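Quick notes on the structure that follows.
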Amino acid sequence: MSIAQPLESMADIETALEIDPLSYKVRCSPLIAFFKATFQMAEIYYQSTAFESALVYFHRGRNIRPAARDFVLGVTKAETAIDNVIGEATGVKFTVSKDAQDGDTNILSTELPGAFFANFKPDAMFSKKHLRQLKRLMGKSYYAVRHIEQLLVAEERLQMYLKNSTEIHALVKEAHRYLRIRSEFWRQQEPMYRRARKTTEPKSVKEEKGPSRGDLKALQRVLHMLQDINDVQQTGDHEKTLRLCLGLRKDVKSLNPGILEKQEIMADIWAFEAVSHFQLQNFQEARDCFGEQLKICRDEGLQHHIPRCLENLGRAYAKLGSYRSAESVWIERLRYDITGLDKAWLHYEIALCDMELGKYEDAIVHGLACKKTAETEFDLNWELKAGVLIAQAHFALDNLSEAQFYFQNAQYTAYVLNNQTVERLLTEALEDVDKAIETNERKAVEEEYERLFNQAEHPMLFTIRNRNQGSKPKSGEFKCTFPYVFFKTKARSWLSRPALLPTKYYRIRFIQYDFCLHYQTGNT
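The structure is reproduced here in structure tokens:
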């Protein structure tokens with residue numbers, strides 16, 4: 001197809017269509033192989049200017065696979081080519097010399113028009129109008145055609161004197177044949193009467209004029225100023241950046257409204273100004289500037305700027321303490337395409353806002369999403385941050401077992417990262433969780449003991465003395481209810497050691513004390 005030999009291409013495609021789809025020769029899916037072969041057959045007919053046959057194959061492919069865009073476009077271009085060919089083509093005759101006719105000209109199917117093989121005429125036989133039309137038709141290839149024609153004439157004269165003249169003449173003739181076929185193809189794609197109608201068609205009055213040379217120079221100057229502002233901001237001189245942005249905004253407003261890049265430049269200026277305000281901790285001004293940038297991007301359809309605008313606007317809201325607004329802005333950012341660590345960061349920021357708003361369940365959801373993304377990206381730092389946040393949310397919900405689990409995982413991650421500071425803080429957090437767990441267990445013991453003690457009868461006094469000398473005796477009362485004895489001290493100091501309590505709360509044992517009971521029942 002590339003060297004204008006469609007018959008050979010057609011034979012190859014017919015061979016491909018005859019191969020059994022289940023054969024070992026098919027190295028891809030049988031359906032994919034069939035669709036490719038059908039599309040290539042249609043393209044061969046189209047390149048051969050057999051547009052009707054090409055339309056048949058394009059239709060066949062579209063009927064089998066309607067969602068394939070290539071077949072839909074093929075039907076459209078084949079129908080357009082057929083419409084363009086209607087009528088008699090006039091004006092351009094591209095022929096070869098008599099000596100060039102000795103070669104094989106039967107290279108295409110019989111469906112091709114006979115105008116392919118007309119005789120070449122010298123330039124003197126063409127009018128200037130025809131030469132202009134030929135130049136317009138061939139475009140850049142016109143100069144190649146003229147050069148090859150001159151080579152043909154020169155090689156015909158020198159053929160009997162030079163050794164390699166015959167080979168050069170054959171190569172030139174082949175190139176000439178290829179350019180002749182391409183010229184006929186483009187002539188049928190866009191006949192002369194159609195080109196003439198386009199050139200004589202008056203321009204619409206409603207068409208807007210493009211930017212003038214002065215506008216282009218002004219635009220170039222503005223772009224240089226934007227680069228200068230970026231360089232100044234990178235150095236950390238944010239005060240100067242704000243002054244430059246203020247002056248540049250006035251210059252951009254004076255530009256021609258027909259310049260398409262005007263609004264995009266305004267959005268960039270607002271972004272530079274917002275970043276400088278943010279770095280100077282003027283968060284309210286930064287929020288307003290980011291809002292102006294987002295408004296311009298939405299009004300002008302600058303979709304590639306909107307995600308970054310939403311991220312920066314959410315940061316400004318978070319710094320101002322407007323966590324609900326920051327959360328809504330960042331959730332909107334999730335609707336756009338985001339992957340990798342950027343996605344982990346976004347989920348983490350949303351989870352922090354949920355923690356500030358007391359929405360601990362939502363914080364756990366976004367924290368788990370952050371942790372999952374970090375595990376996918378093999379980033380231990382984000383895993384550590386997400387694990388700590390999830391543990392804090394569970395601790396706030398009084399899910400102490402889950403909090404203990406995630407704190408322990410985070411502590412191990414900090415150990416792997418050799419972050420001793422975080423590891424020490426997590427150790428303290430685990431101690432707090434353990435204390436909370438002990439407190440809850442003690443409360444459960446006390447509640448169960450109170451219930452059982454209230455059910456017992458006949459309270460009696462008792463005294464517990466420690467073996468260690470100098471220790472004060474403990475006084476209390478007990479009740480006997482077969483088969484258990486329940487003790488209750490006034491100070492309940494023995495309940496300060498929950499580890500000494502058994503798993504079943506109604507069985508009380510004293511390990512440290514060698515005690516005796518003194519009670520009075522009548523004369524006993």
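Per full-length UniProt numbering, the very first residue in the sequence shown carries number 1; after that it's consecutive. A virtual CB, placed ideally from N, CA and C, is assigned to each residue, including glycine. Quantities reported herein were computed from a predicted structural model and do not represent experimental measurements.
*asked:* Could you give the first and the last residue of the continuous alpha helix (DSSP H) run that contains residue 367?
replied: 360 to 377
### Query
For the stretch 280 to 299 against the stretch 262 to 269, are there 3 or more C-beta pairs whose distance is under 8 Å?
yes
Worksheet entry | Alpha-carbon spacing of residue 421 relative to residue 414, whole angstroms | 9 Å
Taking all protein chains shown into account, do 16 or more other C-beta atoms lie within 10 angstroms of the C-beta of residue 418, making it buried, or fewer, making it exposed?
-> exposed
- Query: Are the beta-carbon atoms of residue 246 and residue 229 separated by less than 8 Å?
  - Reply: no
* Report all residues from its chain with a CB closer than 6 Å to the CB of residue 318; omit the five preceding and five following residues, and keep chain order. => 326
Residue 238 and residue 276 closer than 8 Å at C-beta: yes
Within 10 Å of its beta-carbon, does residue 180 have 16 or more other beta-carbons around it, so buried, or fewer, so exposed?
buried
Exercise. Rounded C-beta distance between residue 278 and residue 309? I'm assuming under 8 Å.
Worked result: Not a contact, Cβ separation roughly 13 Å.
| request: Would you kindly check if the distance between the Cβ of residue 13 and the Cβ of residue 51 is under 8 Å? | output: no
Within 10 angstroms of its Cβ, does residue 304 collect 16 or more other Cβ (buried), or is it exposed?
exposed
ask   = Does DSSP classify residue 147 as helix, strand or coil?
value = helix
- Alpha carbon to alpha carbon, how far is residue 440 from residue 408? 20 Å
**residue 58 burial status per 10 Å Cβ neighbour count (16 or more: buried)** = buried
- Message: At the level of alpha carbons, what is the spacing between residue 61 and residue 71?
- Response: 6 Å
- Task: For residue 347, collect the residues of the same chain with a Cβ closer than 6 Å to its Cβ; drop the 5 residues on either side in sequence, then sort them by chain order.
- Result: 366, 369, 370
Note to self: Extract the residue ranges of the alpha helix (DSSP H) inside the stretch 302 to 340, only unbroken runs of 4 or more that lie entirely within it.
What the structure shows: 306 to 319, 323 to 333
Leaving out five residues before and five after residue 75 in sequence, what residues of the same chain have Cβ atoms less than 7 Å from its Cβ? 55, 58, 59, 62
Separation of residue 443 from residue 322, as counted between CA atoms
39 Å
Would you call the stretch 374 to 383 and the stretch 353 to 361 touching, i.e. three or more CB-CB distances under 8 Å?
no
Notebook entry, point to check: With burial defined as no fewer than 16 other Cβ atoms inside 10 Å of the residue's Cβ, what is the status of residue 426: buried or exposed?
Noted result: buried
Check your understanding: Can you tell me the Cα-Cα spacing of residue 373 and residue 142, whole angstroms?
Key -> 58 Å
Exercise for the section: Less than 8 Å between the CB atoms is what I'm expecting for residue 68 and residue 35, so what's the real figure, rounded? Expected result: 7 Å
Margin query: Using a Cβ-Cβ cutoff of less than 8 Å, which residues in the same chain neighbour residue 423 once the five nearest sequence positions on both sides are dropped?
Written below: 411, 414, 415
Let me know the secondary structure DSSP gives residue 413 once reduced to three states.
helix
Inset, instruction - Could you check if residue 284 is buried or exposed, using at least 16 other CB atoms within 10 Å of its CB as the buried criterion? - result: exposed
| said: Mapping the DSSP letters down to three states, classify residue 281 as helix, strand or coil. | reply: coil
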